[in-house]
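Protein chains in written order, with the numbering used here: chain A, 881 to 1185; chain B, 881 to 1185; chain C, 881 to 1185; chain D, 881 to 1185. Glycine residues also receive a C-beta, built at the ideal position from the N, C-alpha and C atoms. Owing to the predicted nature of the structure, the values given are computational and were not obtained by experimental measurement. Worksheet: one structure, shown below.
As structure tokens, then:
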């Protein structure tokens, strides 16, 4: 039996970092050997440094690991990055320069021309962008990113429509769970009995990331994650629900272990052609699960050897 | 000092009926003298028949009134109707035939060609439709309606745009509070931690009522409610909020005692011309307050003499 | 391999009935062969009759089963009963008289002198009461019950204290989730941003059931469920959590697949001796899971042969 | 007409500070002339420094006031203090030494022997402790405090029982709203669908403050706030609600403009003598309103001249 590849988590104590820890616990290909976070956490046992917010128990082996400084020295070659975008802009290039494969959930480098922004089922072929990424040519390291948590569900629903019918104009309105804001995130006083109609930069991300994701890279071909039998790929990336009042977060968010996007309420639109409702799990398919699936795609295509 | 006009409430024990009771408590023009509800409530004191859900205390005089049968005999000439649409379709015509002025919040007759569907600030002139309403010509009675709770906020925001620039195409997405479903309405198990993407017939109402409200009646003129100094007319029917994260229900729903619609986040749209966010109180401006304002308009124009 | 025992569910369309369906889906000993509900559901496919509220999908085989009338004719010998207490008082005796083993979650017969009220880990020996139960002597049928959802967590926490130190006086205050009220249960308008300080008959049940559960039956011995290796028995019936702010429903309610009761915050009390906090899953350990564990205990002790 | 007394708010930008601003807006006796907060806010207009969370609009005059440094120079003689207890321990004595009347909502000095801890309706006579307060004798300044938000409702309910029957033993369990934790306070991720069974130092405060409040100062007499016609004193400090399911926060928290404590569900107790439920508004009667009533008592008794 093959040994697992050692991986590290940058930003391991935050909510997305914790989700990485949770999702990697019994992963068949990867094994966590390194956890890094801000100076405040450095040197402390992970269980003490992280305010664990997952519903499953903190894995015993991880709980005792000590948090390393957020520097490439001593880090493994494969790094899952769960950093705020300001810090990501500074640290992710540093790890890539040092030869690491950085699989990032941050928005910092998503729109950089030579950085692949990838949903394996949609534009897995964009991974080829790595061939011309400067870091990769210099150090062998690189950065691959996944989209914003709202863009990912939208694009999973749009991709088959684009492929089959073509797409010209899309209007989208999102309703987002507070969990997308990380921890401590939104104050309870701000959100109980309330709706907040604004998330800074969210609309811009939705617009530009969607275009990049649905764009065509010369010569790229889609080789769906499902055919590659990637461990975190759901059986179905999309399901259509027939009941008129579905999808609903309560019943459908966890579909396919949180990796399947649910679509429903398809009906003609009086302005554009069609209207429908999309539901996607924001912290699994929209964050840690997205990055993990990207890592699996990279492994399957030989980029992590 | 002029004596107040006696009014009755049809469907007085439901949530909208209770809101009528609350809003009429100290009304300068109207006074509740009759409360009717379903057979189950008939003959019982109101405080016992109604499961009072308002935050202010039940008015003492009203609490002791006995609930009358839902029949025109003995009813006053002015009736606020807060009935489910199935029952409204049957009862409202009966009261109009008997000579009552029925000011209805139900959807049953809204789209009937000779029934005015009115927001005083937007299309108060539509009241003229009464001139050709069959009931009015026969018995003197009539039916006037107000729109669906979502359509009303939308139309209040659209009307000045239509007047100034013209309107061709509108797309709207609503997020609605559970209180709009009445009582008991939505089960807590269905909505806690959840979003339900469907309300039966809601989209149809939004589409057709909006068109009727923004339509032009030959010869009608708008005489804004604010100029008429109607008691329930807010100082401003619409306010624009500059902060990028407003309007928010928590802070803005009660603006103008729940009668003012808040607009915010106006910005260019990549598909149509402009995008913005509208907030309107669903059970005040969107139900009892809307009907009450219609009654005041009718009074001001001599239809209740 | 042994064939599974056929079981039926009485009240199969309600929330507890659905939980039985969910928990029995892959049960090693029992197999659902019969589903009954009120007249309204009779003859319809289960998927259509039940408004499925569980988070896992409705099992395909069950979805297509037709709902039988709530009568003993044609029912299997083992019946899980999830009925409202008024109906249970009428139907449960009828099934017991007809020779069925009725494993009931209802409060109707719990306090009847010859009906065992059982938590396997606490007073499994009370099952012996069946020896003198009239139904059992006449028809072979019988009724066994589990406690109220709040009493069960309390008693699981008290039992070891009673055994080791003795118990004289207990004061308990409960905070209960809306899910305990079934479906549609509590209206969202009644509970959002609110606390309701009263559930009819709840305090009485807590008081009398606790005494019966902690009572000693002459000659009975506790043979813990864990030793009997009952399939639904959690590894630990109770866990103690050291963190000062635990147990919390969000993190601890699902402990032991919802069958483990969490205790925390043990500290001296200025009035009685000790204070602590108990958390127990209301619809699993407090309802369907409790009944299922009772059924497993009955099977292990030969009462279902 | 008498001119109003100038008052200042220390910690004016926090939630309790904002509540002071809101409650003082149209106060007949006091007028805000000075607002102070931490260094970060110093010199900025209040509307900009405070993240306004009240439901009523920020008063225009206050919005433009500049935030002063938290130092006694230039401060008025009457100071409402809404500081975290760590900072209060340092700043409140400094203002008292400088001759200010500090009316504090903080827990820092509540239990100090010569500092009155006062609920006007319960132990207004404790104000006499000021006679022996060191600060008062030296500079004329002093500190008066109000209790913890949970203690205050409890004591308002217990005081008449103590007076009439005597009190020996009390057990209390509290359920507290997140708003009590200030802003940002509790993260939404921590509390949605959850209950947190612990607030640091809360139980200690409840125990010791209750004893001090219900204690007798030699020679002191109660002169109820209602007799003194203090502007913020509710008509009734306590109301008893007869319905078996009341009080409920949704309907009863705002009783008496948030200053009246509601009691319900009085019934015999099997362990002690009686059980009942108390509801009190945590940020009005339990914080800003409590301090304001204390200030009015001080004024009425000549301590602010």
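Member of 1096/B, 1139/B, 1148/B whose CA lies at the smallest distance from the CA of residue 1111/B: Position 231 of the second chain holds residue 1111/B. Comparing alpha-carbon positions, the option among 1096/B, 1139/B, 1148/B lying closest to residue 1111/B turns out to be 1139/B.
Check whether residue 1047/D and residue 1117/D have beta carbons under 7 Å apart: One-based indexing of the fourth chain puts residue 1047/D at position 167. One-based indexing of the fourth chain puts residue 1117/D at position 237. In this structure, residue 1117/D does not lie closer than 7 Å to residue 1047/D by Cβ.
Beta-carbon spacing of residue 942/A, residue 901/A below 7 Å: Your numbering for residue 942/A matches position 62 in the first chain. Your numbering for residue 901/A matches position 21 in the first chain. In contact: residue 942/A and residue 901/A (Cβ atoms closer than 7 Å).
Integer-rounded CB distance, given that residue 891/D should sit under 8 Å from residue 961/D: Here residue 961/D is taken as the residue at index 81 of the fourth chain, counted from 1. Here residue 891/D is taken as the residue at index 11 of the fourth chain, counted from 1. Rounded, the Cβ-Cβ distance is 6 Å, consistent with contact.
Opening and closing residue of the alpha helix (DSSP H) in which residue 1129/B lies: Along the second chain, read from residue 1 onward, the residue named residue 1129/B stands at position 249. Its alpha helix (DSSP H) spans residues 1129-1132.
Where the alpha helix (DSSP H) through residue 1090/C begins and ends: Indexing the third chain from 1 puts residue 1090/C at position 210. Unbroken alpha helix (DSSP H) run through residue 1090/C: 1082-1093.
Residue 973/C, enclosing beta strand (DSSP E) - first and last residue: Here residue 973/C refers to the residue found at position 93 of the third chain. Residue 973/C: not part of any beta strand (DSSP E); member of the alpha helix (DSSP H) spanning 965-977, first to last residue.
Closer than 8 Å at the beta carbon, the chain D residues around residue 1075/C: The residue you call residue 1075/C lines up with position 195 of the third chain. Under the 8 Å cutoff, chain D gives 1055, 1128, 1129.
Selection from 1125/B, 899/B, 924/B that minimises the alpha carbon distance to residue 1078/A: Taking the first residue of the first chain as 1, we reach residue 1078/A at position 198. When only C-alpha atoms are compared, the closest one is 1125/B.
CB contact below 7 Å: residue 982/B versus chain A: As a first step, residue 982/B must be located in the second chain, where it is residue number 102. Judged by the 7 Å Cβ criterion, residue 982/B is not in contact with chain A.
Chain-ordered neighbours of residue 1124/C on chain D, where CB pairs are closer than 7 Å: Counting from 1 along the third chain, the entry for residue 1124/C is found at position 244. Under the 7 Å cutoff, chain D gives 1078.
Separation of residue 1039/C from residue 1181/C, as counted between CA atoms: Here residue 1181/C is taken as the residue at index 301 of the third chain, counted from 1. Here residue 1039/C is taken as the residue at index 159 of the third chain, counted from 1. Distance between residue 1181/C and residue 1039/C, taken at the CA atoms: about 22 Å.
Simplified DSSP assignment, three categories, for residue 1014/B: One-based indexing of the second chain puts residue 1014/B at position 134. Residue state, collapsed to three classes: helix.
Classification of residue 1167/A by the beta-carbon crowding that lies within 10 angstroms, buried from 16 upward: Counting from 1 along the first chain, the entry for residue 1167/A is found at position 287. Its Cβ being crowded by 16 or more others within 10 Å, residue 1167/A is buried.
Cross-chain neighbours of residue 935/D in chain B, by beta carbon under 8 Å: For the purposes of this step, residue 935/D is taken as residue 55 along the fourth chain, with counting starting at 1. Here the neighbours are 1130, 1131, 1134.
For residue 939/A, the nearest candidate out of 968/A, 911/A, 922/A, 958/A (CA to CA): Position 59 of the first chain, counting from 1, holds the residue named residue 939/A. Of the candidates 968/A, 911/A, 922/A, 958/A, the one whose C-alpha sits nearest the C-alpha of residue 939/A is 911/A.
Within the segment 1014-1076 of chain A, ranges of the alpha helix (DSSP H) (whole runs, at least 4 residues): 1014-1019, 1029-1045, 1068-1071
Spatially closest choice to residue 945/B from 1024/B, 1026/B, 930/B, by CA coordinates: Mapped onto the second chain, residue 945/B falls at position 65. It is 930/B whose Cα lies nearest to the Cα of residue 945/B.
Chain-ordered chain A contacts of residue 938/D [CB-CB under 9 Å]: Numbered from 1 along the fourth chain, position 58 holds the residue referred to as residue 938/D. Simply none; closest approach about 16 Å.
Backbone CA spacing between residue 1194/A and residue 1183/A [nearest angstrom]: Chain A is shown only over 881 to 1185; residue 1194/A falls outside these bounds and no answer can be derived.
Contact test: residue 1138/C Cβ vs the ligand NAD heavy atom, cutoff 6 Å: By its list of ligands, the structure shown contains no ligand whatsoever, and the ligand NAD lies outside what it can speak to.
Expected contact under 8 Å - CB spacing of residue 950/C and residue 980/C to nearest Å: Taking the third chain and counting its residues from 1, one reaches residue 950/C at position 70. Taking the third chain and counting its residues from 1, one reaches residue 980/C at position 100. Going by Cβ atoms, the distance from residue 950/C to residue 980/C rounds to 12 Å, so no, they are not a contact pair.
Simplified DSSP assignment, three categories, for residue 1155/A: The residue you call residue 1155/A lines up with position 275 of the first chain. Reduced to three states, the DSSP call for residue 1155/A is strand.
Interface partners of residue 1065/D on chain A, CB under 7 Å: Start at 1 with the first residue of the fourth chain, and residue 1065/D comes out as number 185. Those are 1067, 1068, 1069, listed as they occur along chain A.
Coil, strand or helix - residue 1000/B by DSSP: Here residue 1000/B is taken as the residue at index 120 of the second chain, counted from 1. Residue state, collapsed to three classes: helix.
Chain B within 7 Å of residue 1058/C, Cβ atoms only: Along the third chain, one-based indexing puts residue 1058/C at 178. Cβ-Cβ to chain B under 7 Å: yes for residue 1058/C.
Environment of residue 1090/D [buried if 16+ CB atoms lie within 10 Å]: Within the fourth chain, residue 1090/D is the residue found at index 210, counting from 1. Result: buried.
Listed by chain order, chain D residues near residue 1163/C by CB distance under 7 Å: Locating residue 1163/C in the third chain gives position 283, where the first residue counts as 1. The contacting residues do not exist; residue 1163/C stays about 14 Å from chain D at best.
Among 1085/D, 1057/D, 1094/D, 1063/D, nearest to residue 1076/D - alpha-carbon criterion: Locating residue 1076/D in the fourth chain gives position 196, where the first residue counts as 1. Among 1085/D, 1057/D, 1094/D, 1063/D, the Cα nearest to that of residue 1076/D is on 1057/D.
Best match in 1017/C, 1023/C, 1015/C for proximity to residue 1007/C [C-alpha to C-alpha]: Numbered from its first residue, the third chain carries residue 1007/C at position 127. The residue with the shortest Cα to Cα distance from residue 1007/C is 1023/C.
Sufficient close CB pairs (3 or more, under 8 Å) joining the segment 1057-1068 of chain C to the segment 1060-1068 of chain B: yes
CB contact flag (residue 947/C, residue 974/C, <7 Å): Translated into positions along the third chain, residue 947/C becomes position 67. Translated into positions along the third chain, residue 974/C becomes position 94. The answer is no: Cβ separation not under 7 Å.
Within chain A, partners of residue 1145/B - CB distance below 7 Å: The residue given as residue 1145/B occupies position 265 in the second chain. Taking a Cβ-Cβ cut-off of 7 Å, the neighbours of residue 1145/B in chain A comprise 1077, 1078, given in sequence order.
Cβ contact check for the segment 1015-1030 of chain D and the segment 984-992 of chain D: 3 or more pairs under 8 Å: Here the segment 1015-1030 of chain D lies against the segment 984-992 of chain D, with 3 or more beta-carbon pairs under 8 Å apart.
Whether residue 982/D touches residue 970/D by CB criterion (7 Å): Along the fourth chain, read from residue 1 onward, the residue named residue 982/D stands at position 102. Along the fourth chain, read from residue 1 onward, the residue named residue 970/D stands at position 90. Taking 7 Å as the Cβ cut-off, residue 982/D and residue 970/D do not qualify as a contacting pair.
Opposing strand residues paired with residue 1120/D [DSSP bridges]: Within the fourth chain, residue 1120/D is the residue found at index 240, counting from 1. Answer by DSSP bridge pairing, in chain order: 1143/D.
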